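*Asks:* Here it is, the structure, as structure tokens.
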């Protein structure tokens with residue numbers, strides 16, 4: 259909830275992992291923990307789990 263509070267305050271929407279993508283989310287999270295490579299996880303979250311992002315002006 260704190261993460262969503264920060265996202266909302268900065269106009270970046272909310273993080274919500276759809277139930278049908280929960281398994282993939284966990285796989286991506288494990289891969290991040292094992293490799294330290296955050297980029298694939300960041301891109302996946304942005305593409306699949308962020309709602310209400312302000313469009314660029």
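Numbering (the working numbering), first residue to last: 259 to 315. A virtual CB, placed ideally from N, CA and C, is assigned to each residue, including glycine. Since we're looking at a predicted model, the values are computed, not measured.
When you compare only the Cα positions, how much space is there between residue 295 and residue 306?
*Replies:* As a position in the chain shown, residue 295 is number 37, starting the count at 1. As a position in the chain shown, residue 306 is number 48, starting the count at 1. Each residue's Cα considered, the two are about 18 Å apart.
*Asks:* In the DSSP assignment, the alpha helix (DSSP H) including residue 299 goes from what residue to what residue?
*Replies:* As a working mapping, residue 299 is identified with position 41 in the chain shown. Here the alpha helix (DSSP H) through residue 299 covers 297-306.
*Asks:* Among 278, 260 and 283, whose alpha-carbon lies nearest the alpha-carbon of residue 304?
*Replies:* If you number the chain shown from 1, residue 304 lands on position 46. Selected option, being the one with the closest Cα: 283.
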